[in-house]
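Following UniProt numbering, the numbering of the sequence shown begins with 1 at its first residue and continues without gaps. Every residue gets a Cβ at the ideal spot worked out from N, C-alpha and C, and that includes glycine. Right, one structure below, let's go through it.
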Amino acid sequence: MGSSSRQGWRSVFKDVTQKWDVMTVEEQEKELSLLEEWTERVLEEWSDMHEACMTLRERQQQSSVLEKYPPYVSKGTALYDLEMFQEAAMQFDRELKMQPHMHHPLLHLYAIFANLYGGQRERCKEHCVYVLTTSVDRLVRYFTYMALGTLYMQEGEVEEALTSYEHASKLTFHPDVMYNLGMAYFLQHQYALAIPCFVEVIKDGEEDVDALYFLGCALCESGYVEEGCAKWLEAIQLCPPEKVLLTIGTKLEWYGFHQAAVHCFEQLLQSRQLRHLAKHGIAWNLALQDEREKAIHMLKELIAVPQIREDVRLSIEFLAHCWNDGNLRQLAASIERG
Numbered sequence: 001m002g003s004s005s006r007q008g009w010r011s012v013f014k015d016v017t018q019k020w021d022v023m024t025v026e027e028q029e030k031e032l033s034l035l036e037e038w039t040e041r042v043l044e045e046w047s048d049m050h051e052a053c054m055t056l057r058e059r060q061q062q063s064s065v066l067e068k069y070p071p072y073v074s075k076g077t078a079l080y081d082l083e084m085f086q087e088a089a090m091q092f093d094r095e096l097k098m099q100p101h102m103h104h105p106l107l108h109l110y111a112i113f114a115n116l117y118g119g120q121r122e123r124c125k126e127h128c129v130y131v132l133t134t135s136v137d138r139l140v141r142y143f144t145y146m147a148l149g150t151l152y153m154q155e156g157e158v159e160e161a162l163t164s165y166e167h168a169s170k171l172t173f174h175p176d177v178m179y180n181l182g183m184a185y186f187l188q189h190q191y192a193l194a195i196p197c198f199v200e201v202i203k204d205g206e207e208d209v210d211a212l213y214f215l216g217c218a219l220c221e222s223g224y225v226e227e228g229c230a231k232w233l234e235a236i237q238l239c240p241p242e243k244v245l246l247t248i249g250t251k252l253e254w255y256g257f258h259q260a261a262v263h264c265f266e267q268l269l270q271s272r273q274l275r276h277l278a279k280h281g282i283a284w285n286l287a288l289q290d291e292r293e294k295a296i297h298m299l300k301e302l303i304a305v306p307q308i309r310e311d312v313r314l315s316i317e318f319l320a321h322c323w324n325d326g327n328l329r330q331l332a333a334s335i336e337r338g
């Protein structure tokens, strides 16, 4: 809010105060409404500024914490960089024993993630418990909670993962923790809590297909179907993996956005693995839009594809029933006879 804005409302307030006693009730109400509207704008602007400043402050603190650590380089880190995680985990244990009283701040984190990625879950938990018991460093604790949350997610213990991610989110802001927290809420069917987490990931500037997809799902599950489908359309623009495209197309079809589903499936027509499924999806959604001629033409072309022949027959049979079409009934019967 600039100085001109501050001077503006002060000038109006001073003028109204001087004339207040000679104003009619209608004039007083008009001026009060103006000042109240101005107050709301000021509060909204202050709130935005405060949020922006807090975000920058958090990032500044995170950067300063990172910079205070000297790099840790060892035989263990060399193995870790080569993704030889089990060997790295054993080496980090040896390095911890070699310096029992003066551990490098990052050594335990290396040990935690080497055990996590190497599948040594109990050993990973032991390191996490030790760090959370002994360290007061916010960033070290943050990464420890993130590792613990990931470990619990791998074990299917979503409630415990949720608790770990919630602890991590209180220590520092990062899109990763917001995404993981959103996923934990989503898996617990707490969609109202998952939505703001995915929104934060996207708002941070991340072009995250997964966050957009699950945000769309959470919105739809919460009854905001149009908003959810809009997020799926945003995800499509980011050229997601083929299976994600197929899933989004199916979701759009389910919620009745048939033209959007067609657009989604059309992007899979060049896929070697999914092109027949995509073509079936296009034909089905065209049929649901009552574009009968196009739909039937495409379905007839797909009869020759063994992998989806039965699905095509069922689609034709269903459409024959819906449209009361005797020719389609005969076609479905001929497919069944082989």
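Item to complete: Determine the extent of the alpha helix (DSSP H) in which residue 285 is found, giving its start and end residues.
Response: For residue 285, the uninterrupted alpha helix (DSSP H) segment begins and ends at 275-288.
Worksheet entry | Cα-Cα separation between residue 297 and residue 154, rounded to whole angstroms | Roughly 46 Å between the two C-alpha positions.
Worksheet item: In terms of alpha-carbon separation, which member of 20, 216, 334 lies closest to residue 255?
Response: Closest in C-alpha terms to residue 255, from the list 20, 216, 334, comes 216.
Worksheet item: For residue 273, which residues of its own chain have a beta-carbon under 8 Å away from its beta-carbon, when the five flanking residues on both sides are left out?
Response: In the same chain as residue 273, and ignoring 5 residues on each side of it, the C-beta atoms closer than 8 Å to its own belong to 242, in chain order.
Item to complete: Could you have a look at residue 214 and say whether DSSP puts it in helix, strand or coil?
Response: Collapsing the DSSP output to three states places residue 214 in a helix.
Worksheet item: Do you know offhand how far residue 271's Cα is from residue 251's?
Response: In this structure, the alpha-carbon of residue 271 lies about 19 Å from that of residue 251.
Worksheet item: Relative to the C-alpha of residue 163, which residue among 212, 302, 326, 185 is closest?
Response: The closest CA to that of residue 163, considering only 212, 302, 326, 185, is found on 185.
Fill in: Exposure label - residue 269; buried when at least 16 CB within 10 Å
Under the 10 Å beta carbon count, residue 269 is surrounded by fewer than 16 other beta carbons and is classified as exposed.
Worksheet item: Cα separation between residue 317 and residue 289?
Response: Approximately 17 Å between the Cα atoms of the pair.
Discussion item. Buried or exposed, going by whether 16 or more other CB atoms sit within 10 Å of the CB of residue 209?
Written reply: Buried.
Worksheet entry | Cut-off 7 Å between Cβ atoms - residues of its own chain near residue 221, not counting five sequence neighbours on either side | Excluding sequence neighbours, residue 221 sits near 191.
Worksheet entry | Straight-line gap, residue 345 to residue 286 (C-alpha atoms, nearest Å) | In the structure as shown, the chain starts at 1 and stops at 338, and residue 345 therefore has no counterpart that could be examined.
Worksheet item: Considering only residues of the same chain and omitting the five flanking positions on each side of residue 54, which have a CB-CB separation below 8 Å?
Response: In this prediction, residue 54 scores a pLDDT of 46, lower than 50, which makes its location untrustworthy; the coordinate-derived value is nonetheless stated afterwards. Within the same chain, no Cβ atom closer than 8 Å to the Cβ of residue 54 is found once the five residues on either side in sequence are excluded.
Worksheet item: Whose C-alpha, out of 257, 244, 203, is nearest the C-alpha of residue 225?
Response: Ranking 257, 244, 203 by Cα distance to residue 225 puts 257 first.
Discussion item. Quick check on DSSP: helix, strand or coil for residue 229?
Written reply: In the structure shown, residue 229 sits in a helix (DSSP, three-state: H, G or I).
Practice prompt. Check residue 33 in the structure and name its three-state DSSP category.
Written response: In the structure shown, residue 33 adopts helical secondary structure according to DSSP, grouped into three states.
Item to complete: Could you tell me if residue 277 is buried or exposed, where buried requires 16 or more neighbouring beta carbons within 10 angstroms of its beta carbon?
Response: Label assigned to residue 277: buried.
Worksheet item: Quick one: is residue 30 buried, meaning 16 or more other Cβ sit within 10 Å of its Cβ, or exposed?
Response: Residue 30 should be labelled exposed.
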